[in-house]
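Residue numbers (the working numbering): 567 to 695.
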Amino acid sequence: MFKTIHTNKVISPLGPYVQGSIFNNMMFISGQIGLNKKPESSTKNITEETMFILNNINYILQEGEFKVNNIIKTTIYVTDIHDLKKINIAYEKFFLNHNSQFPTRSCVQVAKLPYDANIEIEAIAMKNL
Numbered sequence: 567m568f569k570t571i572h573t574n575k576v577i578s579p580l581g582p583y584v585q586g587s588i589f590n591n592m593m594f595i596s597g598q599i600g601l602n603k604k605p606e607s608s609t610k611n612i613t614e615e616t617m618f619i620l621n622n623i624n625y626i627l628q629e630g631e632f633k634v635n636n637i638i639k640t641t642i643y644v645t646d647i648h649d650l651k652k653i654n655i656a657y658e659k660f661f662l663n664h665n666s667q668f669p670t671r672s673c674v675q676v677a678k679l680p681y682d683a684n685i686e687i688e689a690i691a692m693k694n695l
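Below, the structure written as structure tokens:
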């Protein structure tokens, strides 16, 4: 059995899915994009959008009593792989600010993302029992 996670600090899912779910000692976080609660684009550039998404992932982690340093894997989907350098700046800053090691990661360029987002990030976290 798994437990679903929902926080009001992040926009509610825009489809038939949950923000996150916990199974045993693992949390699976659905792909997050840079939408605020309106929903409308909440950011102006890829660096801000990346940081906004990572902060939302942190809110979901906190709701499930997990921490940033519990993240073991992220997958990043981008519409322009040339943005990777700017994404990495925000990504590195986020994990260093949380005194966390960097998790494993995949980054894939895609043709399009929902709501014309430039980036989507999903995460898997695990904590010791």
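Glycine included, each C-beta is placed from N, C-alpha and C at the ideal position.
Compute the Euclidean distance between the alpha carbons of residue i and residue j, then round it to the nearest angstrom.
i       : j       : result
Phe-594 : Asp-646 : 25 angstroms
Ile-623 : Leu-601 : 13 angstroms
Ile-599 : Phe-618 : 9 angstroms
Phe-660 : Thr-616 : 9 angstroms
Pro-579 : His-572 : 9 angstroms
Pro-582 : Ser-666 : 32 angstroms
Leu-650 : Phe-668 : 16 angstroms
Asn-636 : Gln-675 : 26 angstroms
Ala-656 : Asn-611 : 11 angstroms
Asn-590 : Glu-658 : 28 angstroms
Asn-694 : Asn-684 : 34 angstroms
Ile-588 : His-648 : 34 angstroms
Gln-628 : Val-584 : 15 angstroms
Just to confirm before moving on: does the CB-CB distance between residue i and residue j stay below 8 angstroms?
i       : j       : result
Ile-690 : Met-592 : yes
Lys-575 : Tyr-643 : no
Glu-688 : Thr-640 : yes
Gly-630 : Gly-597 : no
Count the other C-beta atoms from every protein chain shown that fall within 10 angstroms of the C-beta of residue i, then say buried if there are 16 or more, exposed otherwise.
i       : result
Thr-570 : exposed
Ala-677 : exposed
Asp-682 : exposed
Glu-686 : buried
Leu-662 : exposed
Phe-568 : exposed
Tell me which same chain residues have a C-beta within less than 6 angstroms of the C-beta of residue i, skipping the five on either side of it?
i       : result
His-664 : Val-634
Ser-672 : Thr-641
Please work out which residues of its chain come closer than 8 angstroms, Cβ to Cβ, to residue i, disregarding the five sequence neighbours upstream and downstream, and give them in chain order.
i       : result
Ile-638 : Pro-669, Thr-670, Ile-690, Ala-691 and Met-692
Asn-621 : Phe-660
Please go through the same chain and pick out, in chain order, the residues whose beta-carbon is closer than 7 angstroms to the beta-carbon of residue i, but skip the five residues on each side of it.
i       : result
Leu-679 : Ile-599, Tyr-643, Thr-645 and Glu-686
query: At what residue ranges does the segment 574-609 contain a whole run of the beta strand (DSSP E), taking only runs of 3 or more?
result: 586-589 and 592-599
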